[in-house]
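The structure appears below as structure tokens.
In the numbering used here, the protein residues as written are 402 to 735.
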């Protein structure tokens, strides 16, 4: 049973000890990946669980329909090129056509990063509250404030992450840019079969053609289009295929880096301030003073313990008196 707090100083000391203990536990399980405090509870092996979530998000991004280059091969590109045509040289792919395709693909995967953010913060909230509840179980008023502070903090950080992720997605829609040299090398590799592919389509000898880096594609609906349009569509498809790999890797890397920074800020900066504001702030003042008031259940236990101790002392005195009387009687007989 915890010591009964008798002053504000003692209460403040207890709160600081709770916060420091909680911070150290969360540093171990969220930041450093240690799980000696919860060796048998895999739910609390946080680094491993967060990596699993990030890997699952990566798989979802790569496996969704908009990331499949075989789907409706060249048909979407042809439809967009026909609407983006203008008075210019025919062997150039209009940039606005590329941006239209890019924006459609980014929009198609935009819900996945947001879902990842929500899942991650829901998990982190569960972990943080578990640690806080364990460390405040002897102080009802602090436990109540810590739960509310933890929930409010996670909601703020989740909203911040969602807003940040939404901005990242909008940036990907707006600009097609990368300094990664793999983009050009991959595009050049994919373009090596352009003329061979077009000739196979126009000859009409095959319905399905294996395209390097793409796989087996259905070309039955492409024969009615001109060589120039097929050439432009093939170029656009390969540019997007090469660039889309860059976009997905960039999103995954950024989500991982943002997650690490957010968790570090949560543990090292934000949590302590949020709990103290909850206990001492103008809207929730008196939290420290309320620690001096024991909850009824604890007060009953303490009274029972005091009575038990009193009975033990009385019993001890009775036993001692009996023993003294025996020794006195023995001395008298001698």
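Using N, Cα and C, we set each Cβ at its ideal position, and we do this for glycine too.
Given this structure, state the Cα-to-Cα distance separating residue i from residue j, to the nearest angstrom.
{"i": "residue 594", "j": "residue 636", "result": "11 Å"}
{"i": "residue 544", "j": "residue 641", "result": "53 Å"}
{"i": "residue 484", "j": "residue 658", "result": "39 Å"}
{"i": "residue 526", "j": "residue 555", "result": "6 Å"}
{"i": "residue 549", "j": "residue 515", "result": "24 Å"}
{"i": "residue 679", "j": "residue 547", "result": "8 Å"}
{"i": "residue 521", "j": "residue 454", "result": "7 Å"}
{"i": "residue 480", "j": "residue 498", "result": "10 Å"}
{"i": "residue 491", "j": "residue 562", "result": "44 Å"}
{"i": "residue 629", "j": "residue 509", "result": "29 Å"}
{"i": "residue 670", "j": "residue 433", "result": "16 Å"}
{"i": "residue 448", "j": "residue 581", "result": "29 Å"}
{"i": "residue 482", "j": "residue 633", "result": "8 Å"}
{"i": "residue 578", "j": "residue 644", "result": "9 Å"}
{"i": "residue 625", "j": "residue 651", "result": "38 Å"}
{"i": "residue 464", "j": "residue 627", "result": "32 Å"}
{"i": "residue 424", "j": "residue 614", "result": "49 Å"}
{"i": "residue 583", "j": "residue 608", "result": "32 Å"}
{"i": "residue 653", "j": "residue 421", "result": "33 Å"}
{"i": "residue 365", "j": "residue 472", "result": "With the chain covering 402 to 735 only, the question about residue 365 has no answer from this structure."}
{"i": "residue 677", "j": "residue 713", "result": "41 Å"}
{"i": "residue 399", "j": "residue 655", "result": "Here the chain has residues from 402 to 735 only, and residue 399 is not among them."}
{"i": "residue 502", "j": "residue 452", "result": "31 Å"}
{"i": "residue 660", "j": "residue 681", "result": "29 Å"}
{"i": "residue 672", "j": "residue 417", "result": "12 Å"}
{"i": "residue 587", "j": "residue 646", "result": "10 Å"}
{"i": "residue 564", "j": "residue 572", "result": "12 Å"}
{"i": "residue 419", "j": "residue 534", "result": "10 Å"}
{"i": "residue 589", "j": "residue 666", "result": "43 Å"}
{"i": "residue 560", "j": "residue 568", "result": "12 Å"}
{"i": "residue 606", "j": "residue 486", "result": "29 Å"}
{"i": "residue 596", "j": "residue 441", "result": "60 Å"}
Excluding the 5 residues flanking residue i on each side, which residues of the same chain have their C-beta closer than 8 Å to its C-beta?
{"i": "residue 450", "result": "443, 444, 524"}
{"i": "residue 610", "result": "598, 601, 602, 617, 618, 620"}
{"i": "residue 718", "result": "none"}
{"i": "residue 467", "result": "505, 506, 509, 510"}
{"i": "residue 675", "result": "550, 551, 553, 554"}
{"i": "residue 439", "result": "430, 445, 446"}
{"i": "residue 716", "result": "none"}
State buried or exposed for residue i, treating a residue as buried only when at least 16 other CB atoms are found within 10 Å of its CB.
{"i": "residue 721", "result": "exposed"}
{"i": "residue 493", "result": "exposed"}
{"i": "residue 662", "result": "exposed"}
{"i": "residue 558", "result": "buried"}
{"i": "residue 459", "result": "buried"}
{"i": "residue 570", "result": "buried"}
{"i": "residue 638", "result": "buried"}
{"i": "residue 723", "result": "exposed"}
{"i": "residue 410", "result": "exposed"}
{"i": "residue 488", "result": "exposed"}
{"i": "residue 648", "result": "buried"}
{"i": "residue 536", "result": "buried"}
{"i": "residue 415", "result": "buried"}
{"i": "residue 478", "result": "buried"}
Quick check on DSSP: helix, strand or coil for residue i?
{"i": "residue 551", "result": "helix"}
{"i": "residue 741", "result": "Beyond the ends of the chain as shown, which are 402 and 735, falls residue 741; an answer cannot be given."}
{"i": "residue 539", "result": "coil"}
{"i": "residue 610", "result": "strand"}
{"i": "residue 657", "result": "helix"}
{"i": "residue 625", "result": "coil"}
{"i": "residue 581", "result": "coil"}
{"i": "residue 567", "result": "helix"}
{"i": "residue 636", "result": "helix"}
{"i": "residue 526", "result": "helix"}
{"i": "residue 408", "result": "coil"}
{"i": "residue 439", "result": "coil"}
{"i": "residue 576", "result": "coil"}
{"i": "residue 425", "result": "helix"}
{"i": "residue 593", "result": "coil"}
Which residues in the same chain have their Cβ closer than 6 Å to the Cβ of residue i, if we skip the five residues on either side of it in sequence?
{"i": "residue 446", "result": "436"}
{"i": "residue 574", "result": "504, 507"}
{"i": "residue 402", "result": "Confidence at residue 402 is low in this model, with a pLDDT of 48, below 50, so its placement is unreliable and no value can be given for it."}
{"i": "residue 743", "result": "This structure cannot settle anything about residue 743, because the visible part of the chain is limited to 402 through 735."}
{"i": "residue 462", "result": "510, 513, 649"}
{"i": "residue 496", "result": "none"}
{"i": "residue 470", "result": "615, 642"}
{"i": "residue 585", "result": "none"}
Given residue i, which residues of its chain have a CB within under 7 Å of its CB, disregarding the five upstream and five downstream residues?
{"i": "residue 623", "result": "475, 602, 631"}
{"i": "residue 427", "result": "529, 532, 668"}
{"i": "residue 566", "result": "514, 515, 518"}
{"i": "residue 612", "result": "594, 598, 618"}
Under a CB-based cut-off of 9 Å, is residue i close to chain D?
{"i": "residue 433", "result": "Chain labels in this structure do not include chain D; a single protein chain is all it has."}
If we require 4 or more residues per run, which alpha helix (DSSP H) segments fall completely within the segment 447-520?
List check, alpha helix (DSSP H) in window: 447-464, 476-485, 496-510.
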